[in-house]
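Here my numbering is used: the first residue of the sequence shown is 644, the next is one more, and so on. The beta-carbon is built from N, C-alpha and C at its ideal position, and this holds for glycine as well. All remarks here apply to the structure that follows.
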Amino acid sequence: MKGSTPTLVASLLLAVVTLAVTCEGAGVIDKPRCLKQGKYLVGNPQDCRSYFYCYEGESFYGLCATGHRFDEKRQSCLPSSVSECFACPPTGASNVPNPAACDRYVLCFHGVPHERICPAGLLFNQQIGQCDLSHKVTCSAGN
């Protein structure tokens with residue numbers, strides 16, 4: 644049993660590397676940048692059923708049960724009929740607020756969401772559709 648630990652570790656490492664290489668090309672989901680330390684959830688703007696669990700700067704994919712959607716404000720999966728979930732309009736380009744963070748917004752471009760972060764000291768101003776000085780912004784997100 645003494646000699647089996649390095650073999651087991653090497654086998655596990657090979658499996659992880661193989662999975663990472665196999666999955667790399669298949670990922671159409673942009674993983675969010677978990678900028679804050681600690682544990683929290685971030686909704687996936689590409690799919691209302693999924694979310695990311697942020698833990699100490701790393702993000703991990705999660706999926707709600709069928710018939711449920713992730714509600715970022717409530718930080719949980721809820722029945723579709725009561726959850727608040729954002730989806731980009733299918734055409735055009737627009738900036739929309741991130742419901743969980745005042746310093747972030749989503750750039751929607753032809754139905755595809757792209758998370759954006761305002762420069763330091765600025766918050767997203769929904770009235771003008773861009774980042775602005777914090778004293779000019781009214782925001783109720785958990786920031």
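Minimum C-alpha distance to residue i - residue among the options
i, options, result
"Cys751", "Ser726, Gly772, Val739 and Ser783", "Val739"
"Leu678", "Ala743, Ser737 and Thr781", "Ala743"
"Gly764", "Tyr694, Gly710, Thr709 and Asp775", "Asp775"
Residue i versus residue j - alpha carbon distance
i, j, result
"Leu684", "Ile771", "28 Å"
"Lys773", "Ser719", "In the sequence as presented, Lys is not what sits at residue 773; that position holds Gln. Gln773 and Ser719: Cα-Cα distance of roughly 28 Å."
"Lys682", "Arg717", "14 Å"
"Gly735", "Cys707", "29 Å"
"Arg759", "Leu721", "26 Å"
Under 9 Å between C-beta atoms of residue i and residue j
i, j, result
"Cys691", "Arg712", "yes"
"Cys728", "Gly686", "yes"
"Val725", "Pro688", "no"
"Gly710", "Ser693", "no"
"His757", "Pro733", "no"
"Phe767", "Asn741", "yes"
"Cys731", "Arg747", "no"
Which residue spans inside the region 688–728 form an unbroken beta strand (DSSP E) run of at least 3? The region 688–728 contains, as complete beta strand (DSSP E) runs of 3+ residues, the segments 693–698, 701–706, 711–714 and 719–722 (chain order).
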